[in-house]
Amino acid sequence: MPLSRLNFGTSVPMVQQQPSVSLLTKPVFGQLRSEKPDGFNAVAQPQLKVIQFAGTTSSNQKKNGLWITVERSPVQTGGLGVVSRTIPRALNTSKNKLDVRVLMPYLAPLKDKGYTDTGLSVKLKDHQGKKHPFTLMQKFEAESNTWVYAIANETYFGRYDTIYLPPKKNGYPTLGKDAMWTAVMMFNRASEALLPYLDGRKEPPGSVNLTPFKSQINFAIINDWLTSPFLVETEQDYPDIDTFFMFHNIYNELRPAKQARQHGLKIPKSEKKNPFYSPLKLGIKMADGVIINGNYARTITETDFVKGADYIPPLKSQMRKGRVFDMHHFIDNQYDPKTHLKLKTDGFVPLKNGVKGLESFKKTNKMAMQRMLGLNEDPDAIVYNWTSRYDPYQKGALLVMNEMKDLLKKNPKTQLVMSFGVSPKSKEPAVTKFINDLKSDTSLKGRIHLLEGYIDFSDVIRLQAGSDFMLMPSLYEPYGIVQLEAMKMGVIPLGHAVDGLRSTISDPSVNSEAHGPKEQVWEYGQTGVLMAPVKVRAYQKAVSKVAQGRGALSKKDKNVIKETQQAFRDALRRSLGLAKSPEMMADVRANGFQYVGQHHTPDAIVHRYLDLLGKTTAPSSI
Numbered sequence: 095m096p097l098s099r100l101n102f103g104t105s106v107p108m109v110q111q112q113p114s115v116s117l118l119t120k121p122v123f124g125q126l127r128s129e130k131p132d133g134f135n136a137v138a139q140p141q142l143k144v145i146q147f148a149g150t151t152s153s154n155q156k157k158n159g160l161w162i163t164v165e166r167s168p169v170q171t172g173g174l175g176v177v178s179r180t181i182p183r184a185l186n187t188s189k190n191k192l193d194v195r196v197l198m199p200y201l202a203p204l205k206d207k208g209y210t211d212t213g214l215s216v217k218l219k220d221h222q223g224k225k226h227p228f229t230l231m232q233k234f235e236a237e238s239n240t241w242v243y244a245i246a247n248e249t250y251f252g253r254y255d256t257i258y259l260p261p262k263k264n265g266y267p268t269l270g271k272d273a274m275w276t277a278v279m280m281f282n283r284a285s286e287a288l289l290p291y292l293d294g295r296k297e298p299p300g301s302v303n304l305t306p307f308k309s310q311i312n313f314a315i316i317n318d319w320l321t322s323p324f325l326v327e328t329e330q331d332y333p334d335i336d337t338f339f340m341f342h343n344i345y346n347e348l349r350p351a352k353q354a355r356q357h358g359l360k361i362p363k364s365e366k367k368n369p370f371y372s373p374l375k376l377g378i379k380m381a382d383g384v385i386i387n388g389n390y391a392r393t394i395t396e397t398d399f400v401k402g403a404d405y406i407p408p409l410k411s412q413m414r415k416g417r418v419f420d421m422h423h424f425i426d427n428q429y430d431p432k433t434h435l436k437l438k439t440d441g442f443v444p445l446k447n448g449v450k451g452l453e454s455f456k457k458t459n460k461m462a463m464q465r466m467l468g469l470n471e472d473p474d475a476i477v478y479n480w481t482s483r484y485d486p487y488q489k490g491a492l493l494v495m496n497e498m499k500d501l502l503k504k505n506p507k508t509q510l511v512m513s514f515g516v517s518p519k520s521k522e523p524a525v526t527k528f529i530n531d532l533k534s535d536t537s538l539k540g541r542i543h544l545l546e547g548y549i550d551f552s553d554v555i556r557l558q559a560g561s562d563f564m565l566m567p568s569l570y571e572p573y574g575i576v577q578l579e580a581m582k583m584g585v586i587p588l589g590h591a592v593d594g595l596r597s598t599i600s601d602p603s604v605n606s607e608a609h610g611p612k613e614q615v616w617e618y619g620q621t622g623v624l625m626a627p628v629k630v631r632a633y634q635k636a637v638s639k640v641a642q643g644r645g646a647l648s649k650k651d652k653n654v655i656k657e658t659q660q661a662f663r664d665a666l667r668r669s670l671g672l673a674k675s676p677e678m679m680a681d682v683r684a685n686g687f688q689y690v691g692q693h694h695t696p697d698a699i700v701h702r703y704l705d706l707l708g709k710t711t712a713p714s715s716i
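Every position in the sequence shown, counted from 1, becomes a number in our numbering once 94 is added.
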């Protein structure tokens, strides 16, 4: 998501440009299922639980469901792409008797991947009154037992790896500053227009080569504000379909209601007097169920993180109705250190003998990665990797950029591998200065490596296999999946004790029920290193002030930046202390590896989503 599109609630201005860190370049101061429900604290909040929806079926009957998303691996800019692949795949096993199909845009990574043109096309007018054809592509993925539908249109989303970029001109209409929003809305409209053909409500033309559902769908899982307009349309036109809104993030692309109508979107009767069209609010408000990490929901409803945001009241309302469910992620079998092909070439090795073979696995792959990237070959080096998008507001990019050079300078045995979604030629001042500072320091030669732009998913596996620590100091994290992938590769995650990271990483020095309920992962001892929770909103406001050039930092701004950087520095210091003891490192690796292997596999998690869909004889708490 480009930073120019971020919106942190109605009380925080839209960020207009990426931040310069001229004031921040240096530090300012120099079991498979728990017996207890793992939702909210029963005293403090209504529990996240499963309710039985009207129309849900018994475990002996088949249910048809549509998973709608703008990302699914290999289309991926974050964890959503992985989640959109793993959960439908796990649900589509024969014993579950489900038919869950994916609907997404036909983006560049899908081309030449075996998709066929069904011949089914709908023409829709854009906001300028021009008609555009939207064609349905399809493919059956045997390895995931999943039908995937992809909507093709070169104008809006056919020319890039992601839907977040505006379409190129080249004879196509210029969509202006709202190009990404327009593309997303057109995808939602096309999806709603094609839905009747997918499940047999409408007969397609005879020449169409479409493989529809065998019967009408009765549930849809809709992901984030990006596809919530589909939910809004579906709830109004097909009230018999159970809609589940999987809520990953707090981006909310508010637009005037007039503009939404110009884009062909239907405004619910309850919103007729609202001057704004708010996708995230409507998704939460109109869904039959909302799926969200419990700690993240707590952040939204109990803190000032998004104070005044219009989607807080409907989220609280859904919680009171018992329609909010705890989110759970898992690692797909394709991300397997024992079998992945990238761990069988160029000196890399797969994992053998499970947890007993972790240390040998890490040592060999560290050396292979060092050779591949031109780093000093040192089996005793402490290797940190930072694989993230450049995002100071969520991913804590400035924390890493302000602290890692100092850590490298003071600790000669440390190395850093970076891939944060930008080119070394980036014109972003913060990135340019950070890269130039590292490159110009001859003492760091052979100890840092920058991988340009976004890298292939399979290459990330090699980075994880060869690294000791993975940096993830997110200011907030709706759930996160990178930390799970890291632990499965024997990497120790270094994150922030909030939201989904708190749910999945255990650090006894930070674990505290003062920040929420006890987590299952705590039972595994230490599985990672966590920085203590910081004042997220205050830090973001200080960073936003710098980014928008709204005057000098106040004393309060400087103090919160200092406190936040100190919390990250303390976590780095504790990671170095841990690395000094090979025995302790081995224990923490093993703890994380075993935790993920027991609680974040398809078999461990899928029953929770089956419960949600009413596939068990009686509802149970998630």
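Ideal Cβ placement from N, Cα and C applies to all residues, glycine included.
Between the segment 385-405 and the segment 339-353 there are three or more C-beta pairs closer than 8 Å, enough to call the two in contact.
With a cutoff of 9 Å on beta-carbon distance, I599 and G622 are scored as near each other. DSSP places V196 in the strand class (E or B) of the three-state scheme.
Annotation for I529: the continuous alpha helix (DSSP H) segment containing it runs P523 to S534. For F563, the enclosing beta strand (DSSP E) covers residues F563 to M566. In this structure, the alpha-carbon of L437 lies about 8 Å from that of I555.
With distances taken between CA atoms, M380 lies nearest to S411 out of R355, S411 and K401. Separation of L706 and A475 (C-alpha to C-alpha, rounded to the nearest whole angstrom) is 46 Å. Non-local C-beta neighbours of L501 in its own chain, meaning closer than 7 Å and more than five positions away in sequence, comprise T508 and L666, ordered along the chain. Assignment of alpha helix (DSSP H) within the segment 223-287, counting only whole runs of 4 or more residues, yields 248-251 in chain order. Judged by DSSP secondary structure, Y478 falls within the beta strand (DSSP E) whose first and last residues are I476 to T481. Boundaries around H693 are those of the alpha helix (DSSP H), P676 to H693, since no beta strand (DSSP E) includes it. Distances from the alpha-carbon of D272 to those of Y258, N282, R283 and N447 put Y258 closest.
Positions of the beta strand (DSSP E) runs, each at least 3 residues long and wholly inside the segment 396-454, are given as 418-420 in order along the chain. Contact annotation: R195 and N158 have beta-carbon atoms nearer than 9 Å.
Here G589 carries a strand assignment [DSSP, helix/strand/coil]. Within the segment 296-320, the complete beta strand (DSSP E) segments of 3 residues or longer fall at 313-317, listed in chain order. Secondary structure at P203: helix, using DSSP grouped into helix, strand and coil. Checking the DSSP bridge columns, you'll see F339 partnered with I316 and V384. Here the C-alpha atom of D193 lies approximately 13 Å from the C-alpha atom of Y243. If you compare the alpha carbons of N186, L197 and L185 with that of R166, the shortest gap goes to L197. Between the segment 446-455 and the segment 484-495, the count of C-beta pairs closer than 8 Å stays below three; the two stretches do not touch.
Cβ neighbours of K456 within its own chain (closer than 6 Å, five residues either side excluded): G584. DSSP places K157 in the strand class (E or B) of the three-state scheme. With a cut-off of 8 Å on Cβ pairs, the segment 308-316 is not in contact with the segment 347-356, counting fewer than three such pairs. Separation of Q232 and R295 (C-alpha to C-alpha, rounded to the nearest whole angstrom) is 19 Å. When only Cα atoms are considered, A559 and N605 end up about 27 Å apart.
In the structure shown, the three-state DSSP call for D601 is coil. Closest in alpha carbon position to L325, among Y405, L538, N282 and E613, is N282. For T210, the pairing in a beta bridge is given by DSSP as Q232. As computed with DSSP, Q509 is found in a beta bridge with V477. Taking 9 Å as the cut-off, the Cβ atoms of L292 and L204 do not count as close. The criterion of a C-beta distance shorter than 9 Å is satisfied by M463 and V511. Runs of the alpha helix (DSSP H) lying entirely within the segment 615-672 and spanning at least 4 residues, in chain order: 630-641. Judged by DSSP secondary structure, I699 falls within the alpha helix (DSSP H) whose first and last residues are P696 to L706.
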